[in-house]
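Undergrad: Chains as they are written, first to last, in my numbering: chain A, 1 to 246; chain B, 1001 to 1300; chain C, 2001 to 2339.
This structure is in structure tokens; I'll ask about it shortly.
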Amino acid sequence: MALLEASGVWKSYGGVVANRDISLHVNDGTIAGLIGPNGSGKTTFFNSVVGSHPVDNGSVRFDGREITRLGVRQIARLGLLRTFQQTRVYGQMTCVQNMLISMSERGRGLGNLFTSQRSAAADRAGELLEFVGLYPKRELLAGELSFGQQKLLEFAMALMNEPKMLMLDEPTAGINPTLINGLIDRLKRANADFGVTLFVIEHNMRVIMNLAERIYCLAHGELLAEGTPDEIQANPLVVDAYLGAH
Amino acid sequence: MLDNLNILIAAPPITVDLVVNGILIGAIFALAAYGMALVWGVVKIINISQGEYVILGGYVTIVLTENGVHPLFGVPAAALVLGVLGWLIYRLVIHRIVDRDMFTSLLATYGIAILLQQLMNTAFGGEVRIADAGLGTRFLFGGIVAIAEIKIIAFALAAVLAGVLIWFLKRSRTGQAIRATAQNPRAARVVGIDTDRIYAATFALNTAICGAAGALVAMAYTIHPYIGLAYTIRSFMIVVVAGLGNLAGVIVAGLGLGAAENVAAFVLGTQYQLAFTFSLLVVVLVVRNWRLARRREYLK
Amino acid sequence: MRAVRIATYLALLAAAAVAPMFVPEYQTQLTDLFLFIVFALTWDLVGGQMGYNSFGNVLFFGIGMYACAVTQVGLVYDVGAYNAARGGGATVFTFDVGQYVQGLAIGLPAGAILAALAAVVVGGLVLGMRGQYFAVCTLGLGFAAGEIANGWEWLGAGSGMVPATPPSEMADIKLFYYYLSLGLAAVTFVVLSWLYTTRFALAINAIRDDEDKAEAMGHLTTTIKVTAWTISAFFLGIAGAIYGNVRGFIDPIDVAFPSATIGVWMILMAILGGKGTIIGPVIGAIIFQITKELFWIYLLGWQRVALGLLIVLIVVFFPQGIVGWVRERRPRAVSAAGQ
Chain A
1 MALLEASGVW KSYGGVVANR DISLHVNDGT IAGLIGPNGS GKTTFFNSVV GSHPVDNGSV
61 RFDGREITRL GVRQIARLGL LRTFQQTRVY GQMTCVQNML ISMSERGRGL GNLFTSQRSA
121 AADRAGELLE FVGLYPKREL LAGELSFGQQ KLLEFAMALM NEPKMLMLDE PTAGINPTLI
181 NGLIDRLKRA NADFGVTLFV IEHNMRVIMN LAERIYCLAH GELLAEGTPD EIQANPLVVD
241 AYLGAH
Chain B
1001 MLDNLNILIA APPITVDLVV NGILIGAIFA LAAYGMALVW GVVKIINISQ GEYVILGGYV
1061 TIVLTENGVH PLFGVPAAAL VLGVLGWLIY RLVIHRIVDR DMFTSLLATY GIAILLQQLM
1121 NTAFGGEVRI ADAGLGTRFL FGGIVAIAEI KIIAFALAAV LAGVLIWFLK RSRTGQAIRA
1181 TAQNPRAARV VGIDTDRIYA ATFALNTAIC GAAGALVAMA YTIHPYIGLA YTIRSFMIVV
1241 VAGLGNLAGV IVAGLGLGAA ENVAAFVLGT QYQLAFTFSL LVVVLVVRNW RLARRREYLK
Chain C
2001 MRAVRIATYL ALLAAAAVAP MFVPEYQTQL TDLFLFIVFA LTWDLVGGQM GYNSFGNVLF
2061 FGIGMYACAV TQVGLVYDVG AYNAARGGGA TVFTFDVGQY VQGLAIGLPA GAILAALAAV
2121 VVGGLVLGMR GQYFAVCTLG LGFAAGEIAN GWEWLGAGSG MVPATPPSEM ADIKLFYYYL
2181 SLGLAAVTFV VLSWLYTTRF ALAINAIRDD EDKAEAMGHL TTTIKVTAWT ISAFFLGIAG
2241 AIYGNVRGFI DPIDVAFPSA TIGVWMILMA ILGGKGTIIG PVIGAIIFQI TKELFWIYLL
2301 GWQRVALGLL IVLIVVFFPQ GIVGWVRERR PRAVSAAGQ
């Protein structure tokens, strides 16, 4: 069952076609990957899906619902979250506070905000910080963390929100190579234990081939190839796209 | 209000008179706006004290006339005095805040504006002043439209000043360095441009232009210590509508704003003239933001 | 420690409550100070805590002021005629005790509610802008309001409006407003202190730190922003209602919508004390009021120039404020109290 289904998505920026007629789907409970050389339109596609900008043409359905007309906030509240390439956390708040404010608000109105900060969510926040290995740093300001730690915090915050699907934009970029295995492991556990569907943009081939069940490859804004990791690795078009790009 | 509107509709010559006179002062608005755009684009700050330099230029001119000098000499004199003052203010205050966030520059320049307003009030008193150039009135379009000759001269001088400014930016070495810094400060530094000196030059150039514009205002219109902010808001509005770096847009928007204000003052009554100006700013920003929101963007 | 903090606040409150008996010559300045505390705290809610630096909060202050005055007068007389008479003319506009009390009892909430409504309407239009555009827009709003009031005959236009005169039987009305202002400052402080322990506080901090991220996480950012500004406007409206009655005369630009004085002073107070904290604005208000009074006494004729200079100096050289300065020196000393 496709949780995310994009059909014929087009997006142009100032005369350049960043996404050209892209159609793909991500099944519920799976891990999908999005690869492609720099400038192939991957992040633009993510932005198109989560509503950061309106699409020029095409349809995106999430959980059976058409979302191209919705804004970022509404789409996030439906359970579709994304992390950012440059990593975004709330710099002047502590890690714990970052977690607490990321608690799911689904089904609750504004009044819920006028409850005490330290509520039931505090336990879950601690657990998730522990899950990403940031528990000892929980009282530090998020802005004081290293880039890699901020990435982990951003990941934990997303999980805190109990999303149905999480779109991660280059989750291992800038991470110390020795820590990457730990991150892959956590991503897999998030998928298996928390039931979060993952859609991951990645440049690190080892990571994405290890992680994803189905991979889409973009080049020059178009969908070049799709398939299992083995199929993608064997696909000459994909190899060409990467070699040609360098 | 409706009566006045009916007058406009019934007697087109009045509308023409209002629009023409409005365009004449609009040229001065455009001049000040271009200076603000320059500082905004190069030094990356929004200068809330912009209008104060205009008014100070007016007072320089008035002081000259009190000493027997013809006010037209106020244009270069005010440009010189305000240029020096601008350079001083940059050295004392502005250079310390160029690397900080926009709100800091807003608040600091607002503080400078308040400081200058109070100084002008203390030094020159709070009354409305004018620097009389002793010229008459001209009648255009067969006697329908009455325009003070000094306003026509002010318009022409504003155009000349704009021309000089543009020539300076295009042809002189400092001007080219300014434009280079605006486009890419880091690259400018790499080729050996001292960006700090360029920021100072830009700020001083802006205040000089404002001073010259102020001389025109004192001659053709009126000044008092607290009217500076209105000029700042006008400049800001024009830049927002035209966009940074769009000279033609600044001219059109400036002239248009002058005409709009004049017509509005007639329709709404002069007691609401400033209310119109400040409200228009809000309207312009709200409309601009609403249009961006439809593309899921915002003014930032 | 929490107990020490609460004890300190109660001691200060007690001191303020008995001050009129011991230092009656400072009663006016203290009344102003309590209102300044409200200005600084409400500004900081939207500015320091939420990152939306408003130059135009006087909009709500003035709306509250006029709304209360109009209500107080309007319940008894025709407001247009009252203002047109400008103190002269045939009719003498007096209010007996019952009328005055009733007028105030309805006028104060009227001021608060009208100011809050203004925040909802204006906020919806203006809070979609960010950073400098929001700031300059609010600057325009503050001045526009003043100019509109300045031209509106029904409100007295440039000649201003005289609030309802208290009847002579009400002996010390100034003392009454002293305690009313103190009460407002205390209530504002308590309410915001509580607010800063809720998730709402986390939400507005998140908007300040990274609004795009907050949106991407699904927060109802527009609703939150408007709510914050409305809360500020509510208290500012009451402050305005009180101030109009304390001053005894409402000038549209200098008293009701003072953008070049109170409008910027409230920002200065919050920054001076330390923005983004609960005690920062209070400290800033106290120090600012003392400084301002000293300037008025020792720099007469140049006090406004000095205040303008003070703004520049603080913004350029002391942007972290007192709380920030203390934090830099003793990081653990200012604990959750300041946060």
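Heads up, the beta-carbon is just placed ideally off N, CA and C, and yes, glycines get one too.
This structure is a prediction, so every number in the text was calculated from the model and none was measured.
To the nearest angstrom, report how far apart Y216(A) and A1027(B) are at their CA atoms.
TA: Looking at the two C-alpha atoms, the distance is approximately 57 Å.
Undergrad: Based on Cα-Cα distance, which residue from V1252(B), V1240(B), L1268(B), G1258(B) lies nearest to V1287(B)?
TA: The shortest Cα separation from V1287(B) among V1252(B), V1240(B), L1268(B), G1258(B) belongs to V1240(B).
Undergrad: Pick from G2324(C), T2222(C), V2191(C), L2108(C): whose alpha carbon is nearest that of G2274(C)?
TA: Out of G2324(C), T2222(C), V2191(C), L2108(C), G2324(C) has the C-alpha closest to the C-alpha of G2274(C).
Undergrad: Which of the three DSSP states, helix, strand or coil, is assigned to M2161(C)?
TA: Residue state, collapsed to three classes: strand.
Undergrad: Taking the alpha-carbon of A2023(C) as reference, which of Y2077(C), Y2178(C), V2101(C), I2173(C) has the nearest alpha-carbon?
TA: For the sequence presented, residue 2023(C) should be read as Val rather than Ala. Nearest of Y2077(C), Y2178(C), V2101(C), I2173(C) to V2023(C), Cα basis: Y2178(C).
Undergrad: Report yes or no: is there a C-beta of chain C within less than 7 Å of the C-beta of T228(A)?
TA: Closer than 7 Å: no.
Undergrad: Applying a beta-carbon distance threshold of less than 8 Å, which residues of chain B neighbour S248(A)?
TA: As shown, chain A starts at 1 and ends at 246. That puts residue 248(A) outside it, with no answer to give.
Undergrad: Do we get a CB-CB distance below 7 Å when we pair R2329(C) with the residues of chain E?
TA: Among the protein chains of the structure shown, namely A, B and C, there is no chain E.
Undergrad: Within 10 angstroms of its Cβ, does R118(A) collect 16 or more other Cβ (buried), or is it exposed?
TA: It is exposed - the Cβ of R118(A) has fewer than 16 other Cβ atoms within 10 Å.
Undergrad: Should Y13(A) go down as buried or exposed, given a rule of 16 or more other Cβ atoms within 10 Å for buried?
TA: Exposed: under 16 other Cβ atoms inside 10 Å.
Undergrad: Within the stretch 38 to 77 of chain A, note down every full alpha helix (DSSP H) run reaching 4 residues or more, in order along the chain.
TA: Within the stretch 38 to 77 of chain A, the complete alpha helix (DSSP H) runs of at least 4 residues are 42 to 50, 72 to 77.
Undergrad: So, does the stretch 191 to 199 of chain A touch the stretch 96 to 115 of chain A, judging by three or more C-beta pairs under 8 Å?
TA: Short answer: they don't touch.
Undergrad: Ignore the nearest five residues each way along the sequence and tell me which others in S2335(C)'s own chain have a CB closer than 6 Å to its CB.
TA: Because the pLDDT of S2335(C) is 46, which lies under 50, any placement of that residue in the model is unreliable, and the number read from its coordinates should be weighed accordingly. If we look at S2335(C) and ignore the five residues flanking it on each side, it has no Cβ neighbours.
Undergrad: Starting from the C-beta of V1016(B), find all residues in its chain whose C-beta is less than 6 Å away, skip the five residues before and the five after it, and write them out in chain order.
TA: Within the same chain, V1016(B) has close Cβ partners V1145.
Undergrad: Could you spell out where the alpha helix (DSSP H) holding T1065(B) opens and where it closes?
TA: First-last of the alpha helix (DSSP H) with T1065(B): 1050 to 1066.
Undergrad: Assuming A2203(C) and L153(A) are in contact, meaning their beta carbons sit under 8 Å apart, how far apart are those beta carbons, in whole angstroms?
TA: About 18 Å separates the two Cβ atoms, so there is no contact after all.
Undergrad: Within 7 Å (strictly less), CB to CB, does E2211(C) reach chain A?
TA: Not closer than 7 Å to any Cβ of chain A, the Cβ of E2211(C) fails to qualify, so no.
Undergrad: Is M165(A) near M99(A), with beta carbons less than 7 Å apart?
TA: It is not a contact, given that the beta carbons lie outside the stated cut-off.
Undergrad: Considering Cα atoms alone, identify which of R1291(B), R1295(B), E1297(B), V1283(B) is closest to T2138(C).
TA: That would be V1283(B), whose Cα lies nearest to the Cα of T2138(C).
Undergrad: Run through the DSSP bridge pairs and tell me what C217(A) is partnered with.
TA: Answer by DSSP bridge pairing, in chain order: I35(A), A225(A).
Undergrad: At a threshold of 6 Å, does G1022(B) count as lining the ligand HEM (C-beta to nearest heavy atom)?
TA: Here there are no bound small molecules, and the ligand HEM is not part of this structure.
Undergrad: Only counting the same chain, and skipping five residues up and downstream in sequence, which positions put a Cβ closer than 7 Å to that of A1201(B)?
TA: Taken in chain order, the residues that qualify are T1174, I1178.
Undergrad: Leaving aside the five residues before and after I2044(C) along the sequence, list all residues of the same chain whose C-beta is less than 6 Å from its C-beta, in chain order.
TA: For the sequence presented, residue 2044(C) should be read as Asp rather than Ile. Excluding positions up to five away in sequence, the list reads A2270, K2275, P2281.
Undergrad: Suppose you measure from the CA of G2051(C) to the CA of K2225(C); what does that come to, to the nearest Å?
TA: Whole-angstrom Cα-Cα distance: 10 Å.
Undergrad: Does the Cβ-Cβ distance between Q1117(B) and P1225(B) come in under 7 Å?
TA: Yes, they are a contact pair.
Undergrad: What residue does the beta strand (DSSP E) around I2253(C) start on, and which one ends it?
TA: From DSSP, I2253(C) is part of no beta strand (DSSP E); its letter is neither H nor E.
Undergrad: Which first and last residues belong to the beta strand (DSSP E) in which S12(A) is found?
TA: Its beta strand (DSSP E) spans residues 2 to 13.
Undergrad: Would you call the stretch 1181 to 1189 of chain B and the stretch 1045 to 1061 of chain B touching, i.e. three or more CB-CB distances under 8 Å?
TA: Taking 8 Å as the limit for Cβ pairs, the verdict is that the stretch 1045 to 1061 of chain B does not touch the stretch 1181 to 1189 of chain B.
Undergrad: Which whole runs of the beta strand (DSSP E) in the stretch 1165 to 1248 of chain B are 3 residues long or more, in chain order?
TA: If we require 3 residues or more, the stretch 1165 to 1248 of chain B turns out to have no beta strand (DSSP E) run fully inside it.
Undergrad: Taking Cβ-Cβ distances shorter than 9 Å, what residues in chain B pair up with E2147(C)?
TA: Under the 9 Å cutoff, chain B gives Q1271, Y1272, Q1273, L1274, A1275, F1276, T1277, F1278, S1279.
Undergrad: Please check the pair Q85(A) and E170(A), which I expect to be a contact at CB under 8 Å, by giving their CB distance rounded to whole angstroms.
TA: So it is a contact: roughly 5 Å between Cβ atoms.
Undergrad: Out of Q2027(C), N2057(C), L2125(C), A2164(C), which has the shortest C-alpha to C-alpha gap to V1970(C)?
TA: Nothing in the structure corresponds to residue 1970(C), since chain C is present only between 2001 and 2339.
Undergrad: Just to confirm the assignment, what range does the alpha helix (DSSP H) spanning N27(A) have?
TA: No alpha helix (DSSP H) contains N27(A), which is instead part of the beta strand (DSSP E) from 16 to 27.
Undergrad: Quick check on this structure: which residue in V2326(C), R2330(C), I2262(C) has the alpha carbon closest to the alpha carbon of R2304(C)?
TA: Nearest of V2326(C), R2330(C), I2262(C) to R2304(C), Cα basis: I2262(C).
Undergrad: What are the start and end residues of each continuous alpha helix (DSSP H) run of 4 or more residues lying completely inside the stretch 91 to 135 of chain A, in chain order?
TA: List check, alpha helix (DSSP H) in window: 95 to 100, 121 to 131.
Undergrad: Apart from the five residues on each side of it in sequence, which residues of its chain come closer than 6 Å, Cβ to Cβ, to L1281(B)?
TA: The answer, listed in chain order, is I1233, M1237.
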